[in-house]
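Enquirer: Starting off with a structure, shown below.
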Amino acid sequence: MNDLVRPNPDVLLAKIQSEESQNRKGKLKIFLGYAAGVGKTYAMLEAAQQRKDQKIDVVIGFIETHGRRDTEAKLTGLEIIPRKQMTYHGAAFTEMDIDAILKRNPSLVIVDELAHTNIPGSRHPRRYNDVEEFLAAGIDVYTTVNIQHFESMVDIVHQITGITVRETVPDRLLDEASEIEVIDLPPDELIQRLQDGKVYIPDQAIRAIEKFFRKGNLTALREISLRRAAERVDTQMRSYMRDESIAGPWPAADRILVCISSHPLGERLIRAGRKLSDDLDAQWIVAFVETPGHTHMPSENQERIVRNLSLAEQLGAHIEYLSGTTVAQAVLDFARKNNITKIIAGKPLRPRWFELLRGGSVVDQIIRESGTIDIYVISETQSQPISLPPTSRFFHRRWDRYFRSLLLVGLVSIINAFFFEDLEPTNLVMFYLAAVVVSALYLGRGPSILASMVSVLVFDFFFIHPKYSFAVADTEYILTFAGLLGVGLIISSSASQLRDQLDQLRKRETNARALNSLSKELTAAVDLDDVLNVVVKNLGQLFECNVAILLPKDSALVIRKTTKDYSLDKNDMAVAEWAFLNRQAAGEGTETLPASMLQCLPLLTSHGIVGVMGIKSSSKDRLSRINDRLLLENYTNLAALAIERAVFAEQASQAESLRTTERLQSALLNSISHELRTPLSSIMGVLSSLEEDESEKGGETRLDHDTRLELIHSAATQTRQLNQLVGNLLDMTRIQAGSVKLNCSMVDMQDLIGAVLNQMENRLDGRQVDVVIPDDFPSVNIDSVLIGQALVNLLDNALKFSPPGSGIKILTELRKKEFRICVDDSGPGVPPAEIDKIFEKFYRGSKIGASSGSGLGLSICRGIVEAHNGKIWAENRKEGGLRIVISIPLQVTDSQE
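First residue of the sequence shown: 345, per my numbering; consecutive thereafter.
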């Protein structure tokens, strides 16, 4: 009996993440057959009827009955979503209406013929893309497909039937399906159905039986479909054992590396890698190696590489971009570092003699150096021979370089003609070698090889006896010719390789510098707007394209930043919204809305999607190059992280502001609750006493006249205190809102202080206030009302925090460019650690004694003084007590008035 084993934490985490992802997505059930006519659609509709009987909301998204009555009968009672009418080249077509189904939002949608190709102009080029959108929206899907339509089966099916399947579906759909139901029918019965006209009309049936539907073909396809289903069951069983931590004979895992290049066999290699991965249950990696020779790769080769890498991603491969001086060395280094056990490569297409001149093919080099790694060499099929692109196109593309190399040889020959009489012929060879080196460095390998060969011929024809003939009188010159040709070829190869390496290094340096510059600018950006400006500017300049950044706001996608004079139309916005909702690239160069000129890339981070970046390039081929795609991917990742950081910073700032507001509100309530209750309680007590006294029976009052006056005086005092508190709150609100407007005029300080003392007469309660104003103190330009309010608050503070009966002093000073108003008291002063805090809102000090207040008075003073471009501070007096100083410039600017 196997013991239970401790689950691997990484595996457990991956399982949880996978389950969470599956719970968010819809479930896919595939009805899998091995040929048309086995009954896939009929079985799918039967299952749909059963789900309908279970009260599940089922709709028909797309069904093709091919006129079969028994299949049409199964549609009874099922809601059918009308198809979308489309026009292509003047002809009318119907396709599945994706938007109508998404709007209807059923629990289950029935979609026939998963491998179908949509009409150009549809949202997606293939129906399986439509199905993936339904699944992403949380809608379950039932669909049908034959085994020959899966990508990994294309080459196998071609070998069996001789037919190349054009409409293919990624194998990942089969892997990700929640359920697979194999619809099986013996080949003899299927052929009988064909003969009875139950699959195709009679004429088509006869042709089908003669070609595709031969019994041998059907038997082989049936075996493949059953085996693929069995592999799926085995995978589920092993997954269950892992999930339940059941011990088993787990062998060391194989790791497969598929090497692709611009080789025309790329697609076949990738499918072979997928097939071997399934057979061995092994992880597989598809790698592309960039060498210096790829610097000048033709655009069609780069496009082929991009297509192959896209196919590999669809089939579930992990993509790696490698670099090195040689392909073989880069592949083997990666294989050894990553524990690769098997390498798949394509058979060389060039002649053996050509590869030998180059030191052997890449495959030969890999086999020689592979050690214990297994090497699988894949060749083309006999019925599909693959040849290299015609060389005429190559020469047509670069004829000018070859022509220039010939001109260079001609120029050297003219120079040699001048020195022919003075130098030995063998010395003239050096001039031709120089021409070969120059050609290699500036024109490339091909032109330099041509220059090397032509140099030998020209040297023999013009400078070796007999002249003007290719005959050689002295056989020693044959060695000279061989040396010239051999050295020329070696020099041309080495020099051109060095040139390519330098070009590659320059490009990498340029890309690295661009990424480094972007990273620095993004790091220096302080807010979201700065980040967006940096991204749009750098991306637009580097790729010579228009850029738009769209971010979510209030459940909608809005344009936050674009390059100058660039705007998005309604169709562009639709592409961007689709990319955002589905977290996939859309638009030009993708499988979703490829007719759009805009390419939309989701800005993804580990926390989710933060927005969409739209790119519209002026050159159609600009973003199809491998280097540009990698650079764009890095740019997108950096931009996504920077935007996320800026968004988080904004959210954190807003949250901090909210917390600060909440703290202020709490402090305000705590601070003023007592200040509000105390005067209100006193007023209520006075009124209650007077009310009781007035309601005494017999009309006699218990309170004499003096007592009643004292109570009324107390109520009036508390009312004034309450009014002052409310006034302080209102003043503080105005200051915080920035709505304080100065109404400045020339004010006599003697009059201002006198008015303040008159206003404070009752509160001073006989306290001595000494006022010291120099005789030459001038009138000052201030807002008398606000400065008066500040003085009232300062006097009120002095009254609270000084002993009863102690004196208060107000003095004014005139400085060179400012005047000061000082208020001194005889209280205990303020602890040095708190002296800078007393002007903060709601700060009441650690030792307030019996005195209390809202903690707003001094804060209001600071707001008033700062509105006058002044300063206010406090300092403890040496003789005891606290001095608060107001310092205001003698001239207040007009802008503040």
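Every residue, glycine too, gets a C-beta built ideally from N, C-alpha and C. Keep in mind the model is a prediction, meaning the values are calculated, not measured.
Is Val-1116 buried or exposed, if buried means 16 or more other CB atoms sit within 10 Å of its CB?
Expert: Sequence index remark: in the sequence shown, residue 1116 carries index 772 (1-based). Classification for Val-1116: exposed.
Enquirer: Verify whether the separation of the beta carbon atoms of Ala-679 and Leu-601 is less than 9 Å.
Expert: Position 335 of the sequence shown, counted from the start, is the residue given in the question as residue 679. Position 257 of the sequence shown, counted from the start, is the residue given in the question as residue 601. Closer than 9 Å, so yes.
Enquirer: So what does DSSP say about Phe-1162, is it helix, strand or coil?
Expert: The residue given as residue 1162 occupies position 818 in the sequence shown. The amino acid at residue 1162 is misidentified as Phe; the sequence shows Glu. Strand, per DSSP.
Enquirer: Express the C-alpha separation of Ala-1142 and Pro-1148 in angstroms, rounding to a whole number.
Expert: Taking the sequence shown and counting its residues from 1, the one referred to as residue 1148 is at position 804. Taking the sequence shown and counting its residues from 1, the one referred to as residue 1142 is at position 798. Pro-1148 and Ala-1142: Cα-Cα distance of roughly 11 Å.
Enquirer: How many angstroms separate the CA atom of Leu-947 from the CA atom of Thr-461?
Expert: Residue 947 sits at position 603 when you count from the first residue of the sequence shown. Residue 461 sits at position 117 when you count from the first residue of the sequence shown. Cα to Cα, the separation comes out at about 29 Å.
Enquirer: Identify every residue that forms a DSSP beta bridge with His-662.
Expert: Here residue 662 refers to the residue found at position 318 when the sequence shown is read from its first residue. DSSP output for His-662 lists Ile-629 as bridge partner(s).
Enquirer: Counting beta carbon pairs with one atom in the region 373-382 and one in the region 424-432, are three or more of them shorter than 8 Å?
Expert: The region 424-432 is not in contact with the region 373-382.
Enquirer: Our contact map puts Ser-1032 next to Ala-1059 with C-beta atoms below 8 Å; I'd like the distance itself, whole angstroms only.
Expert: Working through the sequence shown from its first residue, we reach residue 1032 at position 688. Working through the sequence shown from its first residue, we reach residue 1059 at position 715. Actually they are not in contact, since the Cβ atoms of Ser-1032 and Ala-1059 sit about 11 Å apart, beyond 8 Å.
Enquirer: Find out if the Cβ-Cβ distance for the pair Gly-715, Tyr-746 is shorter than 9 Å.
Expert: For this step, residue 715 is matched to residue 371 along the sequence shown. For this step, residue 746 is matched to residue 402 along the sequence shown. Contact flag unset, no.
Enquirer: How big is the Cα-Cα spacing for Ala-1218 and Leu-1138?
Expert: Stepping through the sequence shown from its first residue, residue 1218 is reached at position 874. Stepping through the sequence shown from its first residue, residue 1138 is reached at position 794. Each residue's alpha carbon lies about 11 Å from the other.
Enquirer: Let me know if Glu-988 comes out buried or exposed under the rule of 16 or more other beta-carbons within 10 Å of its beta-carbon.
Expert: Your numbering for residue 988 matches position 644 in the sequence shown. Its Cβ being crowded by 16 or more others within 10 Å, Glu-988 is buried.
Enquirer: Pick helix, strand or coil for Asn-312, following the three-state DSSP scheme.
Expert: This structure does not reach residue 312, given that the chain is present from 345 up to 1241, and the question cannot be answered.
Enquirer: If Asp-598 and Ala-626 are in contact, beta carbons under 8 Å, what's the gap, nearest whole angstrom?
Expert: Translated into the one-based positions of the sequence shown, residue 598 becomes position 254. Translated into the one-based positions of the sequence shown, residue 626 becomes position 282. That pair is a contact at about 4 Å.
Enquirer: Count the other C-beta atoms from every protein chain shown that fall within 10 angstroms of the C-beta of Met-941, then say buried if there are 16 or more, exposed otherwise.
Expert: Position 597 of the sequence shown, counted from the first residue, corresponds to residue 941. Under this definition Met-941 is an exposed residue.
Enquirer: Find the nearest neighbour of Ala-656 within the set Gly-610, Ile-684 and Asp-622, judged by alpha-carbon distance.
Expert: For the purposes of this step, residue 656 is taken as residue 312 along the sequence shown, with counting starting at 1. Nearest C-alpha to Ala-656: Gly-610.
Enquirer: Does the structure place the region 909-922 close enough to the region 973-991 that three or more beta carbon pairs sit under 8 Å?
Expert: Segments in contact, no.
Enquirer: Using beta-carbon positions only, say whether Phe-807 and Leu-772 come within less than 9 Å of one another.
Expert: Mapped onto the sequence shown, residue 807 falls at position 463. Mapped onto the sequence shown, residue 772 falls at position 428. Yes, they are a contact pair.
Enquirer: When you compare the CB of Asp-397 with every CB in chain C, is at least one pair closer than 9 Å?
Expert: Although the question refers to chain C, the structure presented lacks it and comprises just one protein chain.
Enquirer: With DSSP collapsed to three states, give me the class of Arg-558.
Expert: Here the question's residue 558 lines up with position 214 in the sequence shown. The answer is coil: DSSP assigns Arg-558 none of H, G, I, E or B.
Enquirer: Whose C-alpha, out of Lys-559, Glu-495 and Arg-852, is nearest the C-alpha of Leu-974?
Expert: By one-based count along the sequence shown, residue 974 stands at place 630. The residue with the shortest Cα to Cα distance from Leu-974 is Arg-852.
Enquirer: Taking Cβ to Cβ, would you say Ile-1232 is nearer than 9 Å to Phe-1183?
Expert: Along the sequence shown, read from residue 1 onward, the residue named residue 1232 stands at position 888. Along the sequence shown, read from residue 1 onward, the residue named residue 1183 stands at position 839. No, these two residues do not count as a Cβ contact at 9 Å.
Enquirer: Going by C-alpha to C-alpha distance, which of Asn-449, Leu-925, Lys-447 and Leu-419 sits closest to Asp-456?
Expert: Sequence index remark: in the sequence shown, residue 456 carries index 112 (1-based). Closest by alpha carbon: Leu-419.
Enquirer: Could you please give the first and the last residue of the uninterrupted alpha helix (DSSP H) stretch that includes Ala-480?
Expert: By 1-based counting over the sequence shown, the position of residue 480 is 136. Segment 471-480, the alpha helix (DSSP H) holding Ala-480.
Enquirer: Which of the three DSSP states, helix, strand or coil, is assigned to Ala-1142?
Expert: Within the sequence shown, numbered from 1, the residue matching residue 1142 stands at position 798. Helix, per DSSP.
Enquirer: Pick out whichever of Pro-1175, Lys-1144 and Ile-1126 has its Cα sitting closest to the Cα of Glu-1210.
Expert: Position 866 of the sequence shown, counting from 1, holds the residue named residue 1210. Taking only the C-alpha atoms, the option nearest Glu-1210 is Ile-1126.
Enquirer: So Leu-1024 and Leu-1066 are in contact, right, with Cβ under 8 Å, and what is the actual spacing, rounded?
Expert: The sequence position of residue 1024 within the sequence shown is 680, counting from 1. The sequence position of residue 1066 within the sequence shown is 722, counting from 1. Right, their Cβ atoms sit about 7 Å apart.
Enquirer: Quick one: grab the DSSP three-state call for Ser-731.
Expert: Your numbering for residue 731 matches position 387 in the sequence shown. Residue placement at Ser-731 is poorly supported in this model, since its pLDDT is 48, which falls under 50; the coordinates are not used for a value here.
Enquirer: Decide if Ala-1194 is buried, meaning its Cβ has at least 16 other Cβ atoms within 10 Å, or exposed.
Expert: Stepping through the sequence shown from its first residue, residue 1194 is reached at position 850. Bear in mind that a pLDDT of 42 at Ala-1194, under 50, signals an unreliable position, so the number given afterwards is only what the model happens to contain. Exposed is the call here.
Enquirer: Check each candidate in Thr-505, Glu-533 and Lys-691 and name the one with the smallest Cα separation from Asn-561.
Expert: Taking the first residue of the sequence shown as 1, we reach residue 561 at position 217. Out of Thr-505, Glu-533 and Lys-691, Thr-505 has the C-alpha closest to the C-alpha of Asn-561.
Enquirer: Within its chain, find whatever has a CB closer than 6 Å to the CB of Ile-527; leave out the 5 residues flanking it on each side and keep chain order.
Expert: Within the sequence shown, numbered from 1, the residue matching residue 527 stands at position 183. Result list for Ile-527: Phe-375, Gly-377, Val-382, Gly-383, Lys-384 and Ala-387, in chain order.
Enquirer: Kindly indicate which residue of Ser-1001, Asp-540 and Met-497 has the alpha-carbon position closest to the one of Arg-412.
Expert: Looking up residue 412 in the sequence shown gives position 68. Out of Ser-1001, Asp-540 and Met-497, Asp-540 has the C-alpha closest to the C-alpha of Arg-412.
Enquirer: In or out: Gly-1225 buried (at least 16 other Cβ within 10 Å) or exposed?
Expert: For the purposes of this step, residue 1225 is taken as residue 881 along the sequence shown, with counting starting at 1. Gly-1225 comes out buried.
Enquirer: Rounded to a whole number of angstroms, what is the C-alpha to C-alpha distance between Ser-749 and Ala-795?
Expert: As a position in the sequence shown, residue 749 is number 405, starting the count at 1. As a position in the sequence shown, residue 795 is number 451, starting the count at 1. Their Cα atoms are separated by approximately 6 Å.
Enquirer: Cβ atoms of Ile-717 and Ala-661: under 9 Å apart, would you say?
Expert: In the sequence shown, counting from the first residue as 1, residue 661 sits at position 317. In the sequence shown, counting from the first residue as 1, residue 717 sits at position 373. In this structure, Ile-717 does not lie closer than 9 Å to Ala-661 by Cβ.
Enquirer: Go through its chain and collect everything with a Cβ distance to Ile-711's Cβ below 6 Å, but skip five positions before and after it.
Expert: If you number the sequence shown from 1, residue 711 lands on position 367. Closer than 6 Å at Cβ, skipping near neighbours: Ile-719.
Enquirer: Our contact map puts Asp-1169 next to Ile-1152 with C-beta atoms below 8 Å; I'd like the distance itself, whole angstroms only.
Expert: The residue given as residue 1169 occupies position 825 in the sequence shown. The residue given as residue 1152 occupies position 808 in the sequence shown. Right, their Cβ atoms sit about 6 Å apart.
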